[in-house]
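Asks: For reference, the structure I am asking about is given below.
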Amino acid sequence: MVQYNPKDWITFIFRFHKSDTFRQLIPMMITIGLFSYGVAYLEIEYWKLAQTSHVKNITIMHGMLGFVISLLLVFRTNTAYDRWWEGRKHWGALVNNSRNLAIKLSAILKEEHDKKFFKRVIPAYASILQKHLRDEETAKMLFDDLDLEIDHHKHRPNQIAKMLFQKIHDLHVSGKISGDQLIIINNEVQSFTDICGACERIKNTPIPYSYSAFIKKFIFFYIMTLPFGYVFNLGYYVIPIVVFTFYVLASLELIAEEIEDPFGNDANDLPTEKLASNIKKHVEEIL
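Basically this note's numbering = 1-based index in the sequence shown + 66.
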């Protein structure tokens, strides 16, 4: 995730980060500029259309549709941000629940080898979940001194959760954890799977294809018809105006595409790897 100072206006305006939409849109902006130049040249130099031409009235369509496209883009970006923020809340809950579970187990357990098991397995769940959400391959040996055999053909976070609960159950059977203590720590253990399911729902349920495709087509045809009407009033200045309009509209769509899957590797996605590392650090400090 990009770290920045929200009060530094100069940096925002004149610096182009590698994740900036301007870099991604340069080829299309050049194409749109050339297209606008071709339309302007044909209407001004070749066809020599008069100011009374009906083509000039195309701008009426843009005035009517401008409000519609703005509503669509606002809904699109809000929906994408909601997914991003929901993902952040779930990972925040995973951080807190991992700490709470470690604190409770630290007070309940007396033997060091039992604490050592949870010191490894609790952070392992966050690490596995982070890789699971990014579809990365997970090594069989996640941490030193603990052999976690993971079947990559099965649901990997569920396997860690099963190991975690199995160990707690064994401790309860052996009398190291009482029934009341088992109830106390059950919520944190159960929350891990709940958080995993919520994150999977975000990742595996993208914006409906028809909706996303319609917005892209709408932006494309809206931009491609701009030069025909505005060239009468702007002349060749229609070229930078159309290019800038395309940059604004297309950037909003690109931003929404980037943040709607908050668990990927894009610059503005959630720092799940860092969060998993923090969980490991905090749990080891507690236990």
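Ideal Cβ placement from N, Cα and C applies to all residues, glycine included.
Nearest to ILE250 by alpha carbon, out of GLU323, LEU139 and ILE234?
Replies: Comparing Cα positions, the closest option is ILE234.
Asks: Using alpha carbons as the reference points, say which of GLY129, PHE258 and GLU152 lies closest to ALA190.
Replies: Nearest option by C-alpha distance: PHE258.
Asks: Hey, SER172 and ILE345 are a contact pair by Cβ (cut 8 Å); roughly how many whole angstroms apart?
Replies: About 15 Å separates the two Cβ atoms, so there is no contact after all.
Asks: Which residue marks the beginning of the alpha helix (DSSP H) containing PRO93, and which one marks its end?
Replies: 87-107 is the extent of the alpha helix (DSSP H) around PRO93.
Asks: With a CB to CB cut of under 8 Å and the five nearest residues on each side skipped, what residues in its chain are close to PHE287?
Replies: For PHE287, where only same-chain residues beyond five positions count, there are no Cβ hits under 8 Å.
Asks: Is the Cβ-Cβ distance between GLU266 and ASN163 less than 8 Å?
Replies: Cβ distance not < 8 Å, so GLU266 and ASN163 don't count as in contact.
Asks: With distances taken from CA atoms, which of ALA342, GLY158, LYS220 and LYS347 is nearest ALA192?
Replies: The shortest C-alpha separation from ALA192 is found at ALA342.
Asks: Would you mind working out which of PHE183, LYS170, GLU177 and PRO223 sits nearest GLN196, comparing C-alpha positions?
Replies: Checking every option, the nearest Cα to that of GLN196 belongs to PRO223.
Asks: Report the residue from GLN247, VAL140 and ASN334 whose alpha carbon sits nearest the alpha carbon of LYS170.
Replies: That would be GLN247, whose Cα lies nearest to the Cα of LYS170.
Asks: VAL140 to ASN166, Cα distance in whole Å?
Replies: One C-alpha to the other measures close to 38 Å.
Asks: Under 8 Å Cβ to Cβ from GLY153, same chain only, skipping five residues before and after it: list those, please.
Replies: Cβ within range, chain order: CYS265, ILE268, PRO328, PHE329 and LEU336.
Asks: Mark HIS156 as exposed unless 16 or more other C-beta atoms lie within 10 angstroms of its C-beta, in which case mark it buried.
Replies: Counting Cβ neighbours within 10 Å, HIS156 comes out buried, since at least 16 surround it.
Asks: Taking a contact to mean a Cβ-Cβ separation below 8 Å, would you say LEU91 touches ALA279 in this structure?
Replies: Contact flag unset, no.
Asks: Could you check what DSSP says for LYS197 in three-state terms: helix, strand or coil?
Replies: Helix at LYS197.
Asks: Would you identify the three-state DSSP class for PHE329, choosing helix, strand or coil?
Replies: Coil at PHE329, not helix or strand.
Asks: Nearest by alpha-carbon distance to HIS198: which of LEU237, CYS262, ARG149 and TRP113 is it?
Replies: It is CYS262.
Asks: Would you kindly check if the distance between the Cβ of THR291 and the Cβ of ILE124 is under 8 Å?
Replies: A contact, by the Cβ cut-off of 8 Å.
Asks: Among the candidates ALA333, TYR147 and LYS228, whose CA atom is the shortest distance from the CA of PRO272?
Replies: Checked all of ALA333, TYR147 and LYS228; the closest Cα to PRO272 is TYR147.
Asks: With VAL349 and SER102 assumed to form a contact (beta carbons below 8 Å), what rounded beta-carbon distance in angstroms separates them?
Replies: Their Cβ separation, rounded to whole angstroms, is 58 Å, which puts VAL349 and SER102 out of contact at 8 Å.
Asks: At which residues does the alpha helix (DSSP H) containing THR271 begin and terminate?
Replies: Premise fails: THR271 is in no alpha helix (DSSP H) and is neither H nor E.
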